[in-house]
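Protein chains: 2
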Amino acid sequence: MLEGVQLSPIKIVTDERGSVIKMFDANHPNFHRFGEIYFSVVNPGFVKAWKLHKASYSNLMATEGHVHFVLYDAREGSSTFGQFQEVDLNSNDRQLLVIPPGIMYGWKNAIDHPSTIANCASETYSPEESVNPPRETLQYDWGDGK
Amino acid sequence: MLEGVQLSPIKIVTDERGSVIKMFDANHPNFHRFGEIYFSVVNPGFVKAWKLHKASYSNLMATEGHVHFVLYDAREGSSTFGQFQEVDLNSNDRQLLVIPPGIMYGWKNAIDHPSTIANCASETYSPEESVNPPRETLQYDWGDGK
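Listed below in structure tokens is the structure:
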């Protein structure tokens, strides 16, 4: 695991009517503050990379489908500086992925229908805080990902 | 509209890779504070009613499917005390539904596959804050809803 990256199980309560999926709350040990909650849909065969948050903690869950994440530690001074990590999020096995600011990440839809991830981020959106380094910034083989 | 209930459009940014659905952020005029983000799945034919938050603002969006909401103003002193309101949320026409504390609400899955709503609530869960009055508390005909 890259320094500060965390993966934790999400509590789900189920009955005959349906279920309740408790993604994240203000009592979570990784809660810093609330910036925004948004959803990112990625179509089959597509990659979204790279994303670099300069200040925001990303708290991520797959709400639908299966996504393959690639993380790169771009924080000079981190014990895992320059290392990669790969993590899958799947709506059939809910987990919360916490990514601290300064880690560059991208993700690819791993299935043949759209996948969606939710991000409960610690900062509101701004183009200064959330930057999109081009794909070639890092050497990573996304396979057939467009 | 019941006093304090609001319905507003959700911004969606789409490109060939997919889309980004901006549900709610800390700059929204209805933001009070962050308690938790959870998802409630309701199976076909089922109703979840009633729910009464004593302190929490509910900020709701359909992430999947189509749900029929019924709201009842249980706040003595409100200009709409004792009145009902009905609102549909549909993932094909994203809107944010803000329900203040003191309004009793329930919802029914309006389609033949599971529907999911997201709630970005202003309080963390507690059994004192979030109560579940039994179905017969209010006279409302849910049709064939179980």
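In order, the protein sequence lines correspond to chains Y and X. Position 144 of the first sequence, counted from 1, bears residue number 144 in this note's numbering, the numbering being contiguous throughout. Heads up: take any position in the second sequence, counting from 1, add 1000, and you land on this note's numbering. Note that beta-carbon positions come from the ideal geometry of N, C-alpha and C, so glycine has one too.
Separation of residue j from residue i, as counted between CA atoms
i: S1056/X; j: E1003/X; result: 16 Å
i: I1010/X; j: V1098/X; result: 12 Å
i: R135/Y; j: P44/Y; result: 18 Å
i: N132/Y; j: L1138/X; result: 51 Å
i: T1124/X; j: D144/Y; result: 42 Å
i: E944/X; j: K146/Y; result: The structure shown does not extend to residue 944/X, since chain X spans only 1001 to 1146, so no value can be given for it.
i: A49/Y; j: V41/Y; result: 13 Å
i: E1129/X; j: H1053/X; result: 6 Å
i: S1091/X; j: K1051/X; result: 22 Å
i: H1032/X; j: D141/Y; result: 43 Å
i: A1026/X; j: N59/Y; result: 16 Å
i: H1066/X; j: P1101/X; result: 23 Å
i: E1076/X; j: F1024/X; result: 29 Å
i: P1152/X; j: H28/Y; result: Outside the displayed span of chain X (1001 to 1146) sits residue 1152/X, for which this structure offers no information.
i: M1061/X; j: F34/Y; result: 18 Å
Partner residues on chain Y for residue i, Cβ-Cβ distance less than 7 Å
i: S1040/X; result: G18 and V20
Listed by chain order, chain X residues near residue i by CB distance under 8 Å
i: I133/Y; result: Contrary to the premise, residue 133/Y reads as Pro rather than Ile in this sequence. Residues of chain X passing the Cβ test: none, with the nearest at roughly 16 Å.
Per-residue contacts from residue i into chain X (C-beta, under 7 Å)
i: P114/Y; result: G1018
Cut-off 7 Å between Cβ atoms - residues of its own chain near residue i, not counting five sequence neighbours on either side
i: I21/Y; result: I10, I12 and R94
i: Q150/Y; result: Beyond the ends of chain Y as shown, which are 1 and 146, falls residue 150/Y; an answer cannot be given.
i: G1106/X; result: V1047, K1048, A1049, W1050, K1051 and V1070
i: E1036/X; result: A1121, T1124 and Y1125
i: A8/Y; result: Looking at the sequence itself, residue 8/Y is Ser, so the reference to Ala does not match. So the qualifying residues of the chain are Q95 and L96.
i: Q1083/X; result: L1002 and D1073
Contact set between residue i and chain Y, taken where Cβ atoms lie within less than 9 Å
i: T1124/X; result: D25, A26 and N27
Residues near residue i by beta carbon distance below 6 Å, same chain, minus five either side
i: F1039/X; result: T1116 and A1118
i: T1080/X; result: L1002, E1003 and D1073
i: H1068/X; result: D1088, K1108 and A1110
i: D112/Y; result: P44
i: Q1085/X; result: L1002 and L1071
i: S78/Y; result: E3
i: M1104/X; result: W1050, L1052, Y1072 and A1074
Cut-off 8 Å between Cβ atoms - residues of its own chain near residue i, not counting five sequence neighbours on either side
i: T1063/X; result: F1039, S1091, T1116, I1117 and A1118
i: S19/Y; result: I12 and V13
i: P1114/X; result: V1041, V1042, N1043, P1044, E1064 and G1065
### Query
Got a sec: which bits of the region 1047-1068 of chain X sit with their beta carbon under 8 Å from any beta carbon on chain Y, in order along the chain?
V1047, K1048, T1063 and E1064
### Task
Output, in sequence order along the chain, the residues in the region 15-35 of chain Y whose CB is closer than 7 Å to any CB in chain X.
R17, G18, S19, V20, I21, K22, M23, F24, D25, A26, N27, F34 and G35
### Query
What are the residues of the region 1091-1117 of chain X that lie near chain Y, defined by any Cβ-Cβ distance shorter than 9 Å?
N1109, P1114, S1115 and T1116
#### Entry: Minimum length 3: unbroken beta strand (DSSP E) runs contained in the region 16-43 of chain Y
18-25 and 36-42
### Message
Please give me, in chain order, every unbroken run of the beta strand (DSSP E) with length at least 3 that falls completely inside the region 1051-1077 of chain X.
### Response
1058-1064 and 1066-1073
### Query
Considering only residues of the region 1076-1111 of chain X, which uninterrupted beta strand (DSSP E) runs meet the minimum length of 3 residues and lie entirely inside it, listed in chain order?
1084-1090, 1095-1099 and 1103-1109
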